[in-house]
Amino acid sequence: MATPNLNEPHATAAPAVGTRLSVRVDEGMSDDLAVIMRTGCNASDAVRRALILLSNICHETWSRGHYPDGVMPHYTSAIVEPYDPDRTPEQGV
């Protein structure tokens, strides 16, 4: 499979709601999943959380006009809120 050019927009349809997503896990992905799963979630939840994070990065970058719609943003850092031992589940993750 050819490596996609991340500097060009792509129009690929998302999988239909209710279908299962299949991804081959290589060594790097296994290591990445292990890091996220240290928070107590399972592999499916880890993938969901990572997907939500990347989706939010793309959406915000495109909606603010920092990158053309459909072009993968290059990101170098993240803003992390300070740890709060008193946070409740209602505050989200």
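Mapping the sequence shown onto the working numbering, position 14 (from 1) lands on 10, and the numbers just tick up by one. Cβ atoms here follow ideal geometry from the backbone N, Cα and C, with glycine treated the same way.
Could you please give the first and the last residue of the uninterrupted alpha helix (DSSP H) stretch that includes residue i?
| i | result |
| --- | --- |
| Asp41 | 39 to 59 |
| Ile32 | 23 to 33 |
Between residue i and residue j, what straight-line distance do the alpha-carbon atoms span, to the nearest angstrom?
| i | j | result |
| --- | --- | --- |
| Cys54 | Ala30 | 24 Å |
| Gly1 | Ala9 | The sequence given here has Asn at residue 1, not Gly. Computed Cα separation, rounded: 17 Å. |
| Pro5 | Thr84 | 39 Å |
| Ala39 | Asp27 | 11 Å |
| Gly66 | Asn3 | 9 Å |
| Glu23 | Asn52 | 26 Å |
| Cys37 | Ile48 | 15 Å |
| Arg34 | Ile75 | 20 Å |
| Val21 | Ile32 | 14 Å |
Tell me, please, whether the region 76 to 83 touches the region 11 to 23 by the rule of three or more beta-carbon pairs shorter than 8 Å.
Look at the beta carbons and you see the region 76 to 83 not touching the region 11 to 23: under three pairs across the two are nearer than 8 Å.
Cβ pair count under 8 Å reaching 3, the region 29 to 45 against the region 55 to 67:
Because the criterion of three Cβ pairs below 8 Å is not met, the region 29 to 45 and the region 55 to 67 do not touch.
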